[in-house]
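Protein chains: 2
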Amino acid sequence: MDDEKTCNDPCPIARSLAFLGDSWSILILRDAHAGLTRFDQFRKSLGIAPTMLTRRLATLTEEGLLEKRRYSEHPPREEYLLTDAGRDFLPVLFMIGAWGRQYRGGGKLVRFLDAETGTEIKAVAVDEVTGAKIGTRPMRMVTPDEAEP
Amino acid sequence: MDDEKTCNDPCPIARSLAFLGDSWSILILRDAHAGLTRFDQFRKSLGIAPTMLTRRLATLTEEGLLEKRRYSEHPPREEYLLTDAGRDFLPVLFMIGAWGRQYRGGGKLVRFLDAETGTEIKAVAVDEVTGAKIGTRPMRMVTPDEAEP
DNA sequence: GGTGTTACTATCAAATTGAAACTAACAATA
DNA sequence: TATTGTTAGTTTCAATTTGATAGTAACACC
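Line by line, the protein sequences are chains A and B. Taking our numbering, the leading residue of the first sequence gets 1, the next gets one more, and so forth. Taking our numbering, the leading residue of the second sequence gets 1, the next gets one more, and so forth.
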């Protein structure tokens, strides 16, 4: 796979995965969206080893998905907040969840309701232009090196 | 994290990740959607070690995302085809790609065009009921153990 | 008989991960 | 003042996973 620092793969999926293709990172982002901000909250929620958590939080911070904020000077204490890039990961989380709900959905699952209408949220990916569900219309891949000198 | 065989985490994201939270698996699925079916095609496309590829293909097959089909009896040769569950992973791939395009998008990237309209496909996740983009309306999480005896 | 193709397996060093214990810097309590 | 608790980590080390390379099996083709 491509090196993390210099991923110039023309595939946008590979670009994403080069940074957060790891389960822990995605689960940390999930928990951050659920409102967790502190080291011990993540550690307890995930059952992750502190070494791993330290490293993953550092990576997510370096990559601009989380930002570290000092919330206490004495003693020095940091918390981790979602950045815009981190918040924009929510649709990805929902789509991963939608797939899991459909194909790995035995037993009780967490659900999300629209706060106004009270209906259960069912995430689907659509093309912003045509409005069609992704995968329901024929499409054409264009590689970036087409028609180059 | 939960054991792969007995994931009963009530979070649908964790359910998904228990099986394909690995970059190689996702890249294999990407290539499978691009039309690759054979061991050597995947190996060359990904630059993956054959040991890894063997294991990942086996897991994806066991988990029902790919199916093995014998395409030659003499010599015995197998290919790997997407199942329904595998095909339904396409929206997830598009959302991962959409995020990567926005936040890791320097340089030339592969694009997808609607074959009919010729417009570039831009995947967005919406709620199937309200049609609102995921994350733009307040929502409420419901855990499965609420109001239990 | 020799070369090429395809789908692997075997081997082993290197890197990553997980588990457990420990530390620093304080606050609160007795 | 001593003890306990909290938070955010670090240290250490064994176990697992990964990556790189080479090799194999079963053929087809020339």
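Backbone N, C-alpha and C define an ideal beta-carbon position, used for all residues, glycine too. As the structure is a prediction and not an experimental result, all values here were calculated from the model.
What's the gap between the Cα of residue i and the Cα of residue j?
i: B/ARG55; j: A/ARG30; result: 28 angstroms
i: B/ALA14; j: A/SER25; result: 12 angstroms
i: B/ARG70; j: B/ARG87; result: 20 angstroms
i: A/PRO10; j: B/TRP99; result: 14 angstroms
i: A/LEU90; j: A/LEU81; result: 14 angstroms
i: A/VAL142; j: B/THR117; result: 14 angstroms
i: B/LEU36; j: B/ARG140; result: 41 angstroms
i: B/LEU61; j: A/ILE28; result: Going by the sequence as given, residue 61 of chain B is Thr instead of Leu. Approximately 28 angstroms, taken between the alpha carbons.
i: B/ALA138; j: B/ASP145; result: Correcting the residue identity first, residue 138 of chain B is Pro in this sequence and not Ala. Distance between the alpha carbons of B/PRO138 and B/ASP145: 22 angstroms.
i: B/GLY135; j: B/GLU67; result: 35 angstroms
i: B/GLY106; j: B/GLY97; result: 13 angstroms
i: B/ARG111; j: A/LEU113; result: 33 angstroms
i: A/ILE121; j: A/ARG104; result: 18 angstroms
i: B/ALA115; j: B/HIS33; result: 16 angstroms
i: A/GLY47; j: A/GLU73; result: 28 angstroms
i: A/MET95; j: B/PRO12; result: 10 angstroms
Give the secondary structure of residue i by DSSP, where H, G and I count as helix, E and B as strand, and everything else as coil.
i: A/PRO149; result: Only weak support is given to the placement of A/PRO149: the predicted model assigns it a pLDDT of 40, under 50, and the value that follows is read from those uncertain coordinates. Here A/PRO149 sits in coil by DSSP.
i: A/ARG140; result: strand
i: B/VAL126; result: strand
i: A/ILE13; result: helix
i: A/ARG104; result: coil
i: A/ASP84; result: helix
i: B/GLY97; result: helix
i: B/ILE48; result: coil
i: A/THR61; result: helix
i: A/HIS33; result: helix
i: A/PHE42; result: helix
By DSSP's criteria, residue i is part of a beta bridge. Which residues make up the other side?
i: B/GLU120; result: B/LEU113
i: B/GLU79; result: B/ARG69
i: A/ASP22; result: B/ASP22
i: A/LYS133; result: A/VAL126
Using a Cβ-Cβ cut-off of 8 angstroms (strictly less than) and excluding sequence neighbours within five positions of residue i, which residues of its own chain qualify?
i: B/ARG101; result: LEU109
i: A/THR59; result: PHE19 and SER25
i: B/ASP22; result: ARG56
Excluding five sequence neighbours on each side, which residues of the same chain lie with their C-beta closer than 6 angstroms to the C-beta of residue i?
i: B/ARG77; result: TYR71
i: A/ALA85; result: GLY64 and LEU65
i: A/CYS7; result: ARG15 and ALA18
i: B/LEU93; result: ARG30
i: A/GLU79; result: THR37, ARG38, ARG69 and TYR71
i: B/PRO75; result: none
Among residues of its own chain, excluding the 5 on either side of residue i, which ones have a beta-carbon nearer than 7 angstroms to its beta-carbon?
i: A/MET52; result: TRP24
i: B/GLN154; result: Since the first residue shown for chain B is 1 and the last is 149, residue 154 of chain B is missing from the structure and cannot be characterised.
i: B/PRO50; result: ARG43
i: A/PHE39; result: LEU53
i: B/SER45; result: ASP31 and LEU36
i: A/THR83; result: GLY64, LEU65, LEU66 and GLU67
i: A/THR119; result: LEU113
Cβ pair count under 8 angstroms reaching 3, the stretch 120-137 of chain B against the stretch 113-127 of chain A: yes
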